[in-house]
Every structure is written in structure tokens, then in C-alpha cells.
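Read the structure below first, then the notes.
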Amino acid sequence: MGQPERKINLNAELEKEAIRPFGIRDKFGYLFGDFGNDFFFILVSAFLMVFYTDIFHISAATVGVLFLVARLWDAVADFAWGRFIDTKKPTKHGKFKPWILRMSVPLVISGVLMFVQIPGMSDGFYLAWAFVTYIVWGTLYSTVNIPYGSMASVITANPVERTTLSTWRTMGAMLASLIINVLGPLVVFVDNKIDANRMLMAAIVFGILAIACYIACYKLSTERIIASESEKQKSNMGKTMKGLLKNKPLLWILAASLIFMVNTMLIGAVNVYLFKDYFSNASALSLVGLVQTVAVFLAIPLVKPMVSKFGKKETAAIGMAVASIVYFVLYFLKDLTAIEFVAVSAVGMFGFAFFNLVVWAFVTDVIDYHEYVTGLREDATVYSIYSMSRKIGQAVAGGVGGFAIAAVGYDATRSAQSLEALNGIHALATLVPAVIYALIFLILVFLYPLNKKKTIQLAADLAEKRKIK
């Protein structure tokens with residue numbers, strides 16, 4: 031019974047491919063998905079902590095607790111939502127993208143509410159408001175991001191085309207980063223202080239743009255691959271968990287991604303304090319966003335030839351080594367101006383751009399390895415595990431970031447920070463990233479097993495197993 035059923039599904043897929051093959055429309059559709067995601071994700075990463083400390087007057091340590099609790103909850107929500115989606119039958123519009131459209135409006139509304147300041151309310155009210163709105167937003171983010179991330183594996187089965195989707199996804203994220211990190215500081219800061227009304231206005235504008243991007247993702251992307259009913263019946267939680275635990279590539283890329291996300295979130299939070307307090311130049315944050323985006327776009331044309339020659343693992347490791355060295359150097363250069371700091375850090379940004387550009391291709395490899403080990407194609411579940419690691423990284427970074435800012439002596443009530451606090455902020459922005467990038471380099475070189483040769487062999491072995499099926 032299983033074999034004819036599989037043929038029917040494959041024929042349906044081929045017919046769908048014949049109507050509109052994978053192409054530039056899918057690439058733009060997938061780009062718009064992360065474009066929409068990161069309008070709010072980057073806005074929150076860059077400005078929410080300073081909004082809470084300076085507008086709601088919540089202590090940095092308490093903000094750290096909020097970020098820690100919320101991200102740990104989000105990690106659970108990611109996995110639960112991934113399993114939920116894997117149990118649902120595809121609609122005529124696909125299995126994953128309908129959820130992006132359904133949940134985008136609630137997600138954006140909850141995002142805007144995070145930046146609402148109601149005059150005359152007590153500190154206790156603002157603390158409760160922050161906890162409720164932030165946790166609700168994070169939960170709703172899972173309902174959009176998990177189907178979006180999983181969708182790449184059903185848009186096309188071609189490994190090269192999937193790698194292309196990874197690059198276009200990163201381009202979407204960087205475009206959002208460019209807009210928010212360049213324009214954001216110029217809009218939300220007045221005289222080096224964050225303005226509540228301007229922050230809300232920015233949140234509303236970016237929210238509207240996010241919804242437009244989600245609609246574009248839904249309209250332009252096409253899901254072509256549908257798992258057969260026979261494969262779904264074989265799926266069970268016990269077999270899935272055993273397969274995940276045997277998946278060494280997944281476990282080590284989870285570790286690397288978790289550490290990388292800790293660093294990304296930490297830098298995003300600390301940079302606000304670094305430029306507005308250490309350098310007394312909040313507007314220079316715009317330059318950071320611009321330089322980082324330029325660094326990524328400079329790296330994009332180099333990724334494909336480097337991966338072809340050296341492999342994904344090797345290319346990412348080289349980038350991590352460069353980034354680590356640059357941030358170690360920055361730690362010892364404490365007398366730089368804001369512009370000089372950005373100029374030197376640009377080399378480090380160029381280095382870690384390579385990891386950012388290939389990371390989603392790593393995820394495709396570990397999903398394939400899961401199928402190789404278990405015989406099950408569980409895209410949403412495996413992707414949700416990967417997303418969980420990123421959320422745990424965000425939790426650690428949010429908690430550590432808040433505690434660290436408080437520990438170095440930052441005091442939002444002071445017009446000027448102490449020398450000890452300023453030096454501590456500088457160390458958080460330089461020495462800590464240097465160490466984290468070095469750890470990722472070591473994981474990729476010595477622990478992540480899928481080098482170029484093994485990845486090619488995995489593709490061949492998996493293709494053979496599918497033929498036997």
C-alpha cells in the first residue's frame with residue numbers, strides 16, 4: 031500500500047513543479063519572510079532593553095530576568111509548535127506558509143504593544159506590562175518563524191537551490207538590519223536619550239512593513255514537496271528523539287548557533303550603551319548597522335566559490351577566526367573614537383558574515399542527516415530544535431546582558447556613567463565577543479563532523495536510501 035501512495039505524491043509534486051518551477055519568485059518570497067521577521071526582531075534586539083531601562087525605569091538586572099524567562103519559554107513554544115505543524119495535513123496553499131499569513135497580524139500587534147507607554151501608571155504596572163507583552167510577542171513569533179524556517183525544505187528538494195534560499199534569507203535579514211540599525215537611532219534618540227513617542231511611531235511603521243513582507247512571502251513562495259501519508263504514520267516521538275540524539279551534526283551546530291546567538295544578542299544590547307555612554311555618540315549606531323550590512327553584501331559573492339572549494343564548515347571557521355582576532359585587538363584599543371572603532375570592527379563583521387550566510391545551509395544538512403538516521407522527513411521538528419537553541423542563546427544573552435550591564439555599574443538615573451562602568455561596557459562589547467567567536471571556531475574545526483567530503487557522501491547515501499524506499 032505504501033509504494034503506490036508514494037508514487038501518487040511524487041507525481042503531484044512533479045505536476046506542481048511543471049506549473050511553476052523553482053525560480054527568482056521563490057527567492058524573493060523567501061527573502062521577504064525574514065525581511066518581515068527581522069523588522070521587529072532586530073528592533074527588539076537593538077532598542078527594547080534601553081527602552082525598558084530608560085523609559086519604563088526597570089532595572090537592567092530585572093530586564094535580564096525577563097529576557098531569560100521569556101526566551102526559555104519561547105524555546106519550549108518553538109518545539110511544541112514544530113511538532114504541532116508536523117502533525118497537520120497540507121492545505122491547497124501548502125503546509126507551512128498559511129500559518130505565516132494567519133499569525134502575522136497578531137504577532138505585529140503584540141510587537142507594537144511592547145513599546146506603548148501609558149502616562150501616569152506605576153512602576154509596578156510597567157513591569158507587569160513588560161512581562162506580559164514581551165512573552166506574548168515571543169510566543170507569537172514562534173508561530174510565524176517556525177513555519178517560515180521549515181518552508182525552505184518544501185520549496186525545493188535541490189540542495190543547491192536550498193543553499194540559495196539560505197543566502198536570500200540572510201539578505202532579507204540584512205536589509206531589515208540596514209533599515210532599523212541605520213534609521214532607527216536617528217529616529218528614536220533625541221539628545222542621546224531614547225524618546226518614547228518616537229519609539230512607538232517606529233514600532234508602528236515597522237509593524238506595517240512587516241505585515242506587507244509576510245503577505246509577499248505568502249504570495250510569491252510555492253511549496254512543492256509533500257510527505258507521503260505512509261511516512262507520516264511511521265513518525266513517533268520516541269524514534270524522533272533517538273534520531274535527534276544520534277545526530278551529531280545537529281548537536282554541534284546547535285552548540286555553535288547557541289553561542290553565536292548569545293554573542294549577537296549581547297552585542298546588540300551592549301552596543302547601545304557603548305555608543306551612547308562610552309563614546310557619547312548614539313548616532314554612530316547608525317554607522318554600525320550600515321557597515322555590518324555592507325560587510326555581509328561584500329561576503330555574499332565570495333560564499334559560493336569558497337564553499338565550493340573548501341566546504342561550508344571550513345568557510346565558516348575561517349570567518350570565526352578573523353572575527354575573534356579583530357575583537358581581541360579592539361579590547362586593547364580603548365582610546366579609539368566611535369568612528370575608528372566601527373572601522374576596525376568592520377573587518378570582524380566581514381568575518382562573521384560568512385557564518386551567517388551559510389548557517390541555514392548547515393540546517394539543511396542536519397535535516398538531511400536526521401532523515402538518513404531515522405528514515406523520517408520531519409522538517410518542522412528538526413528546525414524547531416535548531417530554533418530552540420537560538421532562543422536559549424537569546425535567553426542566555428538577554429539574562430547575561432542585563433546582569434552584566436548592571437554588574438559593571440550602569441545607572442540609568444545618572445547623567446554620566448562612572449569610569450568603572452564605562453570600562454566594563456567596553457569589555458562586554460569587545461573581549462566577550464572575541465572569546466565567543468574563538469569557541470565557535472574550535473567547535474567547527476574539531477567537533478562538527480560534516481566537512482566538505484562527508485557532506486557530499488551524505489547526499490549520495492541519502493539519495494540511495496530514497497531509491498530503495
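Numbering-wise, the sequence shown is residues 31 to 499 according to our numbering. Glycine residues also receive a C-beta, built at the ideal position from the N, C-alpha and C atoms.
Element boundaries [alpha helix (DSSP H), containing residue 64]: 54–84
- request: Return the chain-ordered list of same chain residues with a C-beta closer than 7 Å to the C-beta of residue 358, the five sequence neighbours on each side being excluded.
  value: 464
query: Got a sec? Which residues, its chain only, sit under 6 Å from residue 200 by beta carbon, not counting five neighbours each side?
result: 386, 387
task: Within the stretch 276–328, note down every full beta strand (DSSP E) run reaching 3 residues or more, in order along the chain.
output: none
query: What are the start and end residues of the alpha helix (DSSP H) that includes residue 404?
result: 368–404
task: Compare the Cα-Cα distances from residue 391 to each of 176, 168, 195, 50 and report the closest residue.
output: 195
message: Only counting the same chain, and skipping five residues up and downstream in sequence, which positions put a Cβ closer than 8 Å to that of residue 115?
response: 125, 126, 129, 176, 177, 180, 410
query: Can you check whether the CB of residue 304 is closer than 7 Å to the CB of residue 459?
result: yes
query: Assuming residue 4 contacts residue 394 under a Cβ cut-off of 8 Å, what Cβ separation, rounded to an integer in Å, is found between them?
result: Residue 4 is absent from the structure shown; the chain starts at 31 and stops at 499.
query: Do the stretch 482–491 and the stretch 338–354 meet, that is, are 3 or more Cβ pairs less than 8 Å apart?
result: yes
- request: Can you tell me which of the three DSSP states residue 121 falls into?
  value: strand
query: Considering only C-alpha positions, which residue in the set 198, 472, 242, 144 is nearest to residue 290?
result: 472
field: residue 130 - partner residues in DSSP beta bridges
entry: Residue 130 is not bridged to any residue.
Residues near residue 314 in its chain [Cβ-Cβ closer than 6 Å; skip 5 each side]: 305, 368
- request: Evaluate the contact criterion for the stretch 236–254 versus the stretch 91–110: three or more CB pairs, one atom per stretch, below 8 Å.
  value: no
query: Quick one: what's residue 220 bridged to in DSSP?
result: 223
- prompt: What does a CB cutoff of less than 6 Å around residue 219 pick up in its chain, not counting 5 residues either side in sequence?
  reply: 312
field: Cα-Cα separation, residue 182 to residue 398
entry: 13 Å
field: Contacts around residue 140, its chain only, beta-carbon distance under 7 Å, and the 5 residues preceding and following it disregarded
entry: 163, 166, 167, 170
task: Under 8 Å by Cβ, that's how I've got residue 287 and residue 430 pegged, so tell me the actual separation to the nearest angstrom.
output: 17 Å between Cβ atoms; not a contact.
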